[in-house]
Amino acid sequence: MTELDQQDKRILNVLQQDASLTSSEIAERVNMSQSPCWRRIKRLQDLGVIKRQVAILNRESVGVDIVVFATVNLAAQSNLDLNAFEEAMSTEPLVVECYTMAGTWDYMLKIITKDIKSYEHFIRHTLTANKLVREIHSHIAVTEIKNSTALPLD
318 MTELDQQDKR ILNVLQQDAS LTSSEIAERV NMSQSPCWRR IKRLQDLGVI
368 KRQVAILNRE SVGVDIVVFA TVNLAAQSNL DLNAFEEAMS TEPLVVECYT
418 MAGTWDYMLK IITKDIKSYE HFIRHTLTAN KLVREIHSHI AVTEIKNSTA
468 LPLD
């Protein structure tokens with residue numbers, strides 16, 4: 318874990334809200350001068366604390382309205398099987414998040430798609446077609462209450 322002081326955390330909190338700000342705008346918000354602020358941001362990037370900067374899209378505006386959380390159990394648990402499943406999910410565009418789980422299920426997938434029909438196609442042609450998959454349970458999100466990419470730093 319990288320040691321972060323309070324100034325680093327303030328900078329990161331500002332960046333988590335709007336990474337498009339200039340270093341002088343960030344410096345103003347965290348009460349620093351521009352050059353030291355820029356150096357801190359650069360250091361945080363070099364250390365890998367800041368992985369990348371992306372645009373966060375409005376799902377509805379781009380026509381991907383359906384969010385599904387799918388729990389998956391595999392038929393076998395060998396390293397080869399686990400790696401093969403993880404590689405398959407890593408390259409699947411509809412799967413936006415994939416986690417190994419402790420407990421009843423082997424994996425939790427977050428799948429975002431344009432409609433139920435395309436989700437059904439994904440289930441039939443990707444998940445159930447994968448011989449490693451033994452069981453799938455789908456949980457379709459009805460209402461999004463909170464969706465944040467900001468990590469708690471305090």
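For any residue, its number in my numbering is found by taking its place in the sequence shown, counting from 1, and adding 317. The beta carbon of each residue, even a glycine, is placed where N, CA and C say it ideally should be.
Check                                                                                                                                          : Outcome
Where does Arg376 sit, in a helix, a strand or coil, going by DSSP?                                                                            : coil
Where DSSP assigns a beta bridge to Thr417, which residues make up the other side?                                                             : Tyr424
Residues in its own chain within less than 8 Å of Val331 by CB, not counting five upstream and five downstream?                                : Leu338, Ile343, Arg346 and Val347
Buried or exposed for Ile358, going by 16 or more other Cβ atoms inside 10 Å?                                                                  : buried
I need the straight-line Cα distance from Asn400 to Met349, nearest angstrom please.                                                           : 46 Å
Cβ of Val385 within 8 Å of Cβ of Ile457?                                                                                                       : yes
What is the DSSP secondary structure of Arg369, counted as helix, strand or coil?                                                              : coil
Less than 8 Å between C-beta atoms, sequence neighbours within five positions excluded: which residues of the same chain meet that for Gln324? : Val347, Met349 and Arg357
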